[in-house]
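Notes follow once the structure below has been shown.
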Amino acid sequence: MNALQVTGLIARHGRRAVLRGADLHVGQGSITALLGQNGSGKSTLMRSVLGVHPRTGGTVRVLDLPENASGPRVRERVTYVPTGGAVLPQETARTHFAFGARIYPRWNPQRALDTAAELHVPLDQRAGRLSTGQRMGLALAYALGSSTELLMLDEPTNGLDPDHRQLLAQFLVAYAAEGHSVLLSSHVLPEVEGLADHGAFLKDGRVILEADLDELRTQHAVVQAILPDVLPSGSIQRLSSVSGVRGFEVQGRTLTVHVQGGREALLAALANLKPVDIQIKPRPLAEVYDDLLGGGA
Amino acid sequence: MTWLEWRHVRLPLSLLGALALLVGVGYASRVLHSLPPFASVHELGPWANGSTCTLWAGLLSNRESTCTVGLQFAGRWFDWWAPLLVTLVGALFGSRLNSGLAFLQLQPLSTTRILAVRVIAGLAAVTLAVLVSAVLVSTRGALDFTWWHSGAVMRSEFWIATALVWGRGVTVFVIAGLLTQLVPPAVSALAAITGSLALLGTPIDPFVRAVTLVYTPEQFGELAQRESIPLQVIQAFIAAHAPLRVEASFPLLGWTLAATLISGILMALLFTRPRSQ
Amino acid sequence: MTQEPSEERGVLEWITPHVNPHSGIPIYIQIVQAFARAIQRGTLRPGESLPTVRLLAQTLRLAPNTVTRAYAELQRQGLIESRAGAGTTVLSRPVTQFTDEASRQALTDELHDVLHRMLASGLTVTDLRRLLDNFTASSTQDVL
Chain A
1 MNALQVTGLI ARHGRRAVLR GADLHVGQGS ITALLGQNGS GKSTLMRSVL
51 GVHPRTGGTV RVLDLPENAS GPRVRERVTY VPTGGAVLPQ ETARTHFAFG
101 ARIYPRWNPQ RALDTAAELH VPLDQRAGRL STGQRMGLAL AYALGSSTEL
151 LMLDEPTNGL DPDHRQLLAQ FLVAYAAEGH SVLLSSHVLP EVEGLADHGA
201 FLKDGRVILE ADLDELRTQH AVVQAILPDV LPSGSIQRLS SVSGVRGFEV
251 QGRTLTVHVQ GGREALLAAL ANLKPVDIQI KPRPLAEVYD DLLGGGA
Chain B
298 MTWLEWRHVR LPLSLLGALA LLVGVGYASR VLHSLPPFAS VHELGPWANG
348 STCTLWAGLL SNRESTCTVG LQFAGRWFDW WAPLLVTLVG ALFGSRLNSG
398 LAFLQLQPLS TTRILAVRVI AGLAAVTLAV LVSAVLVSTR GALDFTWWHS
448 GAVMRSEFWI ATALVWGRGV TVFVIAGLLT QLVPPAVSAL AAITGSLALL
498 GTPIDPFVRA VTLVYTPEQF GELAQRESIP LQVIQAFIAA HAPLRVEASF
548 PLLGWTLAAT LISGILMALL FTRPRSQ
Chain C
575 MTQEPSEERG VLEWITPHVN PHSGIPIYIQ IVQAFARAIQ RGTLRPGESL
625 PTVRLLAQTL RLAPNTVTRA YAELQRQGLI ESRAGAGTTV LSRPVTQFTD
675 EASRQALTDE LHDVLHRMLA SGLTVTDLRR LLDNFTASST QDVL
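Taken in order, these protein sequences are the chains called A, B and C. Per this note's numbering, the very first residue in the first sequence carries number 1; after that it's consecutive. Per this note's numbering, the very first residue in the second sequence carries number 298; after that it's consecutive. Per this note's numbering, the very first residue in the third sequence carries number 575; after that it's consecutive.
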């Protein structure tokens, strides 16, 4: 049973079709990163799952609930923290927690208070008067206190200073270690790299790739060859059509090839050019992200 | 949800309640006078807003010639502070209809439930305010005419007036609630309060009961000849003389209630509309 | 955070610089390699206990699944053992033995990679054979 299974999700934002058939799954105990540029529909996807944004097509299955279960039923098991965090402006943090205790059957008061303490959230000030970072801290403390099986966070690192970002990562890891599942969205891969074990890349309203991130790292590599002479014309086309080649750079006598999957074909092709030196290096995922989603990692 | 609602409203409600009690007790014990123009200076008799004599003669002499005196009852009954209190309460609850909605939408609550709790809270608050003011006002006693005993007046006009004040409160609540779907809460509260108070006591105020006392020109006697009759004179006259008949009407009330109902439905629809962000 | 026993704290301290989430090397492999090297060099002795998945994940700010995978791989390589209640400990083995077909296959693939690169850079098969002979000769001296 997955924490979340989304199939063919279609949603609009006004007249614009934002999601055009997105597929996504979040395994239990996984921290999954939903990656995409700003405006690609990450928030819309999360809100559609929650039943807060209208869906025009596709199915959403949350945990053991029936497909396309009603909003309130989904929200009993899934907590969502929007960008910047949503709070009740007139109420204090303590009131928020008291409310949460009444509304969530598995509310964990200690975790809520500890998170708030570590993120320096004043407990007796009206939420409307908190700073951006404190308001986000309150929203996070409330979300973690709810102890729901799936936690969805929209760009959670926005508005948090670096210390608090590290704390947030620790909280989420501890939460996942207890068996909860986490889906967090980001448009900057390095901020969630390591924290996430699974990734889904959202572009043009569809998830163009969903993979275990370590698997992705295994598949992608950079082969750098130093040639004895400048690359003869025609070889560029030949080399780029070798299976697995995803990208190409030539600078003088240095050839840099981005390869995915098996490398034998490429290495055999390179051998014909009699390179002086060949190195195979791992390829940072940030570059893979750039290739997939274009710009702004 | 109900718990949250109570937590939020208990402070403003107790403040308003204390204020209402203070002013109301002052009013009831006759320490505080009613303020013109809604009350007579001597606190005798209702606000008479004009007397006209219509005399038919000659070929049309078969028509009834009358002298009429128009009175406003609800405006007089509760003067200014009960409608004011009820306006404030209605505007407060109406304008915070959407408060904290961004957060509440994400909770395992249905939107209809949130709306229902907030509407019931608002209506309950208005009703409470009206009952408190009714209790305090009733202690001032009723008008006493020679021909219309105060007991009878209290039994009929008083409760009609109370209902009209309630209607005012509910309408302010609905207007504020509707406006707050479109403009910030502070703006909607101010707009609703201003609208209600601006209309209070004017001829186009929907929540008044207009009573017309119809006299024959003979009853009016020499008063019929005078151009502008001072208020005390009119009041002394109507207190002493029984009219031919009493006509009562609620101008504008029917339309206003219909408009309130439609606004209420619109407010509910706007509240529960699926929001994209 | 509660105070871990000092040996676990030591482990947490030395492993942190060995794991770089941005390098492009699968993170679980980085953890596996760091621990494997430490065990082979003797930095981690048999019987020493490793941090729990949760503690290691929190310290390194990695997804628990990643750490679980690393520990599973180390266990498959026969380097560590997880027992309910006793935690994870380093196994006492003088020389690591690769009992698993999958790990053997992974190493073979790695060797093929290197061999291809060597051939592509101009070495001949004869050169490779000579390299292997030299290696065998020197490694039999090291084993003890």
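No residue lacks a Cβ here, since even glycine has one placed at the ideal position from N, Cα and C.
In chain order, what residues of the same chain lie with their CB nearer than 6 Å to the CB of residue i, ignoring the 5 residues before and after it?
i	result
residue 339 of chain B	Any reading at residue 339 of chain B must be qualified, since the residue scores a pLDDT of 39, below 50, and its modelled position is unreliable; the value itself is stated next. Around residue 339 of chain B: no qualifying Cβ.
residue 332 of chain B	Interpretation of residue 332 of chain B is limited by its pLDDT of 49, a score under 50 that renders its predicted location unreliable; no figure is taken from the coordinates.
residue 624 of chain C	662
residue 210 of chain A	200
residue 707 of chain C	none
residue 599 of chain C	none
residue 117 of chain A	none
residue 132 of chain A	159
residue 341 of chain B	Note that residue 341 of chain B scores 41 on pLDDT, short of 50, meaning its location in the model is unreliable and no value can be drawn from it.
residue 104 of chain A	146
residue 590 of chain C	none
residue 604 of chain C	593
For residue i, which residues from the same chain have a beta carbon less than 8 Å from its beta carbon, with the 5 sequence-adjacent residues on both sides left out?
i	result
residue 175 of chain A	144, 151 and 182
residue 371 of chain B	Here residue 371 of chain B scores only 45 on pLDDT, less than 50, and its place in the model is too uncertain to base an answer on.
residue 409 of chain B	569
residue 385 of chain B	313 and 490
residue 563 of chain B	475
If I measure Cβ to Cβ from residue i and keep anything under 7 Å in the same chain, skipping five residues before and after, which residues do I get?
i	result
residue 299 of chain B	414
residue 109 of chain A	97, 101 and 145
residue 520 of chain B	526 and 534
residue 245 of chain A	239, 257, 259 and 266
Assuming residue i contacts residue j under a Cβ cut-off of 8 Å, what Cβ separation, rounded to an integer in Å, is found between them?
i	j	result
residue 601 of chain C	residue 626 of chain C	Between residue 626 of chain C and residue 601 of chain C the Cβ distance is about 18 Å, and since that is not below 8 Å, they are no contact.
residue 34 of chain A	residue 202 of chain A	6 Å
residue 276 of chain A	residue 231 of chain A	Not confirmed; about 13 Å, so no contact.
residue 79 of chain A	residue 198 of chain A	Not a contact, Cβ separation roughly 19 Å.
residue 392 of chain B	residue 486 of chain B	4 Å
residue 123 of chain A	residue 94 of chain A	5 Å
residue 279 of chain A	residue 254 of chain A	Actually they are not in contact, since the Cβ atoms of residue 279 of chain A and residue 254 of chain A sit about 10 Å apart, beyond 8 Å.
Run through chain B and tell me which residues come within less than 7 Å of residue i, C-beta to C-beta.
i	result
residue 103 of chain A	404 and 405
residue 75 of chain A	403, 404 and 405
residue 72 of chain A	405, 406 and 407
Interface residues of chain A around residue i at Cβ under 7 Å?
i	result
residue 693 of chain C	271
residue 301 of chain B	99
residue 400 of chain B	86, 87 and 88
For residue i, return the contacting residues in chain A, with the cut-off set at a CB-CB distance below 8 Å.
i	result
residue 304 of chain B	91 and 95
residue 413 of chain B	Ordered by position in chain A, no residue passes the 8 Å Cβ test against residue 413 of chain B, which lies about 14 Å from the chain.
residue 396 of chain B	88, 89 and 90
If the cut is a Cβ gap below 7 Å, which residues of chain C does residue i touch?
i	result
residue 218 of chain A	600
For residue i, which residues in chain C fall below 8 Å Cβ to Cβ?
i	result
residue 214 of chain A	600, 601, 602, 603, 640 and 643
residue 278 of chain A	691, 694 and 695
For a contact defined as C-beta to C-beta under 9 Å, what are the partners of residue i on chain A?
i	result
residue 701 of chain C	Under the 9 Å cutoff, chain A gives no residues; its nearest Cβ is about 15 Å from residue 701 of chain C.
So residue i contacts chain B; which residues on that side make the cut at Cβ distance below 8 Å?
i	result
residue 50 of chain A	403
Residues of chain B with a CB under 9 Å from the CB of residue i: which are they?
i	result
residue 80 of chain A	403
Mind pulling the chain C residues with CB within less than 9 Å of residue i?
i	result
residue 203 of chain A	Within 9 Å Cβ-Cβ: nothing; residue 203 of chain A doesn't reach chain C, min ~21 Å.
residue 283 of chain A	598
residue 17 of chain A	In chain order: nothing, as chain C lies at least about 32 Å away.
Should the stretch 51 to 58 of chain A be called in touch with the stretch 8 to 24 of chain A, which here means at least 3 C-beta pairs below 8 Å? These segments touch.
Using a Cβ-Cβ cutoff of 7 Å, what residues of the stretch 166 to 197 of chain A are near chain C? List them in chain order. 166, 169, 170, 173, 174, 176, 177, 190, 193, 194, 195, 196 and 197
Quick one, which residues of the stretch 611 to 642 of chain C are near chain A if we go by CB-CB under 7 Å, in chain order? For the stretch 611 to 642 of chain C, residues whose beta-carbon sits nearer than 7 Å to a beta-carbon of chain A comprise 627, 628, 631, 632, 635, 636, 637, 638, 639 and 640.
What residues in the stretch 578 to 607 of chain C have a beta carbon less than 9 Å from any beta carbon of chain A? Listed by position, the residues of the stretch 578 to 607 of chain C near chain A (Cβ gap below 9 Å) are 593, 594, 595, 596, 597, 598, 599, 600, 601, 602 and 603.
Three or more C-beta pairs under 8 Å: does that hold for the stretch 240 to 253 of chain A against the stretch 75 to 83 of chain A? no
Between the stretch 547 to 567 of chain B and the stretch 396 to 407 of chain B, are three or more C-beta pairs nearer than 8 Å? no
Is the stretch 605 to 622 of chain C touching the stretch 155 to 172 of chain A, taking contact as three or more C-beta pairs under 8 Å? no
With a cut-off of 8 Å, do at least 3 Cβ pairs link the stretch 506 to 516 of chain B to the stretch 538 to 548 of chain B? Yes: at least three Cβ pairs fall under 8 Å.
Which residues, in chain order, does the stretch 253 to 267 of chain A contribute to contact with chain C at a C-beta distance below 8 Å? 263, 264 and 267
What residues in the stretch 130 to 162 of chain A bring their beta carbon closer than 9 Å to a beta carbon of chain C? Here the close residues number zero.
Taking any Cβ of chain C, which residues in the stretch 26 to 44 of chain A have a Cβ under 7 Å from it, in chain order? 29, 30 and 31
Please list the residues of the stretch 111 to 129 of chain A that have a C-beta atom closer than 7 Å to any C-beta atom in chain C, keeping them in chain order. none
With a threshold of 8 Å, are at least 3 pairs of Cβ atoms found where one atom belongs to the stretch 382 to 392 of chain B and the other to the stretch 463 to 482 of chain B? yes
Within the chosen definition, does the stretch 213 to 223 of chain A reach the stretch 304 to 312 of chain B through at least 3 CB pairs nearer than 8 Å? Between the stretch 213 to 223 of chain A and the stretch 304 to 312 of chain B there are fewer than three C-beta pairs closer than 8 Å, too few to call the two in contact.
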